[in-house]
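Read the sequence shown against the numbering used here and you will find it ends at 606, with the numbers running on by one and no gaps. We put the CB at the ideal spot given by N, CA and C, even for glycine. Nothing here was measured: the structure is a model prediction, and the numbers come from that model.
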Amino acid sequence: MSMLEKIRQSVRRDQVFDVLNKQDYSEVDTSHGTILYVEDVSVSFDGFKAINELNFYIEVGELRCMIGPNGAGKTTMMDIITGKTRPDTGSVWFGQDINLLKMTEPEIAQAGVGRKFQKPTVFEYHNIFENLEMAMAGDKRVWPTFRAKLSSEQHDRIMSVMDTIGLTEHSTQRAGALSHGQKQWLEIGMLLMQNPLLLLVDEPVAGMTHQEMDKTGELLTSLAGEHSVVVVEHDMDFVRSIANRVSVLHQGSILAEGTMDQVQNNQKVIEVYLGE
Ligand SMILES: Nc1ncnc2c1ncn2[C@@H]1O[C@H](COP(=O)(O)OP(=O)(O)O)[C@@H](O)[C@H]1O
Ligand SMILES: [Mg+2]
331 MSMLEKIRQS VRRDQVFDVL NKQDYSEVDT SHGTILYVED VSVSFDGFKA INELNFYIEV
391 GELRCMIGPN GAGKTTMMDI ITGKTRPDTG SVWFGQDINL LKMTEPEIAQ AGVGRKFQKP
451 TVFEYHNIFE NLEMAMAGDK RVWPTFRAKL SSEQHDRIMS VMDTIGLTEH STQRAGALSH
511 GQKQWLEIGM LLMQNPLLLL VDEPVAGMTH QEMDKTGELL TSLAGEHSVV VVEHDMDFVR
571 SIANRVSVLH QGSILAEGTM DQVQNNQKVI EVYLGE
């Protein structure tokens, strides 16, 4: 059976919400310690090279921060990994043998790549518990049936994610009434319900208060280890507070990589940021 066929089958299994709706990731071979390989990737829009010979690797369980000036290609990079944009050249592998460039967006999500967009997309008229429940069901249309059959194990899983995102006290509150920061955490929780191996998060702290930023930093740090997390962020103080390894993206390629101190003292990086 081909990989795609296996993934399609697991999608169907999922739609009939078998047992726990937990995906089988035995397929993602991370035996070499690397979960994502992005190699020699380029993409042009109307002749403009938004991504230019991009190369980077993400290790299993790491928390990587990607910084770079506006227009550096950060969002496009995520679009390529998640199947929204097809590169002109290069390869993107999930583990040793899953070729993400041959898969559709839903297949990539199903394989274990979760993406958090900048704008939260929670269901405003439903409470927090229900939002997480819907994310677990995977589809709002099957939610009522799913809900009627919710096992105690599934219930516990929702409670555990609610605890992780720090919203247990607000479980019956309508999502529309949450603060901007709380909505962002709820959306991260909704992604977690799908049990992604790799989480891509685009500018998570934009518009947040300092207190919310601190909590977001703690949340993302706590997710690393069990998940691999790639955070794209503009806010340098925030990156400094959570960063382990940092990649600087500039004109569609990696300009520098290392600890925050290393990249901040890198002459090429200083020039790019001074020129901004
Ligand atoms: N679909 C698209 N069509 C045309 N140009 C695009 C498209 N997506 C991105 N770009 C261009 O590619 C460059 C990189 O954009 P983006 O990835 O959004 O940068 P960043 O997220 O780092 O700010 C920008 O110059 C942007 O205008
Ligand atoms: Mg962007």
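- The beta carbons of G363 and E383 sit no closer together than 7 Å.
- One thing to note: L393 has its Cβ within 7 Å of the Cβ of V559.
- The three-state secondary structure of G506, taken from DSSP, is helix.
- The criterion of a C-beta distance shorter than 7 Å is satisfied by Q448 and E533.
- For D469, no beta strand (DSSP E) run applies, since DSSP gives it neither H nor E.
- When secondary structure is reduced to three states using DSSP, G519 falls in the helix class.
- Proximity of the beta carbon of N400 to ligand 1 is indicated: a heavy atom of the ligand is located closer than 6 Å.
- Contact between the segment 476–490 and the segment 448–467 is present, with at least three C-beta pairs closer than 8 Å.
- In the same chain as A554, and ignoring 5 residues on each side of it, the C-beta atoms closer than 7 Å to its own belong to G391, E392 and L393, in chain order.
- The segment 360–378 makes contact with the segment 418–425; the number of CB pairs closer than 8 Å reaches 3 or more.
- Beyond the five residues adjoining it in sequence on each side, T360 comes within less than 7 Å, by CB distance, of V390 and G425 in the same chain, given in chain order.
- Per DSSP, the continuous alpha helix (DSSP H) segment holding T551 begins and ends at H540 to L553.
- With the rule of 3 Cβ pairs closer than 8 Å, the segment 437–444 counts as touching the segment 522–533.
- F386 and I584 have their C-alpha atoms spaced approximately 8 Å apart.
- Taking 6 Å as the cut-off, one finds no heavy atom of ligand 2 near enough to the beta carbon of K414.
- DSSP places R575 within a strand segment (E or B) once states are collapsed to three.
- Nearest to T412 by C-alpha distance, out of C395, E435 and N400, is E435.
- DSSP places I428 in the strand class (E or B) of the three-state scheme.
- Taken in chain order, the unbroken stretches of alpha helix (DSSP H) that lie wholly in the segment 362–426 and span 4 residues or more are 404–411.
- In the structure shown, H500 adopts helical secondary structure according to DSSP, grouped into three states.
- Counting along the chain, A586 sits inside the beta strand (DSSP E) bounded by residues S583 to G588.
- With 16 or more other CB atoms across the displayed protein chains lying within 10 angstroms of its CB, A586 is buried.
- The continuous alpha helix (DSSP H) containing V491 extends over residues S482 to T494.
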